[in-house]
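The numbering used here numbers the first residue of the sequence shown as 1137 and each following residue consecutively. Every residue gets a Cβ at the ideal spot worked out from N, C-alpha and C, and that includes glycine. The structure presented is a predicted model; accordingly, all values stated were derived computationally and were not measured.
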Amino acid sequence: MEIIDGDKERKMKSTRNFNFLIFKTYSNNLQKFRGFNIKYSNLLSKDRSYINSSIYVGRHSKLEVLFKLNPEKLKIAVLGGTGNIGEGMVLRLALQNLMTEGVKNEIIIGSRSRESADEAAKAALSELENCGFDTSSITITGNTNLEAARAAEIIILTIRFDHVLPLLDEIGEAIEDKIIVTPVVPMVKEGDLFVYKPPAEGSAALAIQKKVPASTKVVAAFHNISAGKLKDIVKCKAVHHALVCSDDAEAKKLIVELTRHMGCLTPLDGGPLRQANTMESLTPLLINLAKLNGLKDLGINFS
Ligand SMILES: NC(=O)c1ccc[n+]([C@@H]2O[C@H](COP(=O)([O-])OP(=O)(O)OC[C@H]3O[C@@H](n4cnc5c(N)ncnc54)[C@H](OP(=O)(O)O)[C@@H]3O)[C@@H](O)[C@H]2O)c1
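See the structure below:
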């Protein structure tokens, strides 16, 4: 724990050792931040590249800050990033590097085939350029799922449920101490419609949690967001709610902040991981509603 004053805080922000990513103020008054005494709590474990720390400003205001200890970008692997939702996820994460706010990142697309991953990385960069974005500050590379997971701090599983558990067996050693994000929805087609078919654990998220090392933090998110919506980076029509569940508060906050700056999503804390089955089960409903009513890329909004 450390007490620093406003002047010192400004000095810290200007050094390259601390790359502040996100400030969120409950008092909605960031200006008050400067000049107050600040108390950092929960300062850092050395083996982690980011922390979530609470900062108390004066007596009443509370700021939360997520920051990195080093100037490197947060490395995010999108396994199965060659696929439908993976493609949209990669584009949305890449765009965060062009925004003043948002978690700056480097994206590694994972695939069973290194060549497919490379091609998907090139295609994503071309798509961004074709849409008129400057890609000079964007890094997207491709690799095998295992190497992508090894290189990353956050690993997003954009893979169908049938293939996820075998893949986790293959990459087990690469995901220790890391954050795994699951948008995975176990569902089957019955006739023309989809039906939610959770595993015995109750949800894909809980089955994944059972499979990964104890040190891996599982976050369930993005189940109710259509790939089409994520890929529509130019028009970006409606803004939908994205529910985020986890038993790890820090990991959940980080994914909430990633989601907040995707351009078309408003994150909502969905509670602990055992709530993920509710989120997962909404996806076949959305797909069926779209089909039955001639609609496209349906999402959810709570009001
Ligand atoms: N599509 C959506 O709108 C949407 C929305 C919400 C949630 N989700 C969830 O996101 C996940 C991915 O959905 P998707 O529609 O993007 O799937 P997808 O396009 O059918 O497949 C994604 C990737 O999975 C990889 N894959 C295929 N077979 C595999 C295997 N046997 N082992 C390992 N990897 C394999 C492939 O990558 P490589 O061939 O390059 O290895 C493929 O590109 C699913 O769990 C789904 O429930 C999807």
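Not one heavy atom of ligand 1 falls within 7 angstroms of the beta-carbon of Ser1417.
Distances from the CB of Phe1358 to the heavy atoms of ligand 1 include at least one below 7 angstroms. Leaving aside the five residues that flank Ile1274 on each side, the residues in its chain whose CB is nearer than 6 angstroms to its CB run, in chain order, Ala1230, Asn1233.
A check of alpha carbon separations from Gln1345 across Lys1432, Leu1404, Ile1315, Lys1258 identifies Ile1315 as the nearest. Under the three-state reduction of DSSP, Ala1284 is assigned to helix. Only buried fits Lys1389, as 16 or more other CB atoms lie within 10 angstroms of its CB. Between Leu1215 and Asn1281, the C-beta spacing is below 8 angstroms. For Asn1220, the shortest C-beta to heavy atom distance toward ligand 1 is below 7 angstroms. Counting C-beta pairs closer than 8 angstroms gives three or more between the stretch 1398–1414 and the stretch 1371–1385, which meets the contact rule. Of the other Cβ atoms in all chains shown, fewer than 16 fall within 10 Å of the Cβ of Phe1438; this residue is therefore exposed. Here Gly1364 has Gly1224, Lys1432, Asp1433 as same chain residues with Cβ atoms under 8 angstroms from its own Cβ, once five neighbours each way along the sequence are excluded. Ser1262: member of the alpha helix (DSSP H) spanning 1250–1266, first to last residue.
Secondary structure of Lys1240 (DSSP, three-state): coil. Pro1322 sits in coil when the DSSP states are folded into three classes, being neither helix nor strand.
Val1214: member of the beta strand (DSSP E) spanning 1210–1215, first to last residue. Counting along the chain, the unbroken alpha helix (DSSP H) around Asp1305 starts and ends at 1297–1307.
One alpha carbon belongs to Val1317, the other to Leu1422, and they sit about 21 angstroms apart. For Leu1431, the secondary structure class from DSSP, reduced to helix, strand or coil, is coil. Rounded to the nearest angstrom, the Cβ distance from Thr1294 to His1359 is 11 angstroms, too far for a contact under 8 angstroms. With a threshold of 7 angstroms, the Cβ atom of Val1226 does not count as near ligand 1, since no heavy atom of the ligand is closer than that. Here the alpha carbons of Ala1412 and Cys1381 stand approximately 6 angstroms from one another. Within its own chain, the residues whose Cβ lies closer than 7 angstroms to the Cβ of Gly1406, once the five positions on either side in sequence are excluded, are Leu1379, Val1380, Cys1381, Met1415, listed in chain order. Looking at the backbone, the Cα of Ala1253 and that of Ala1288 are separated by about 15 angstroms.
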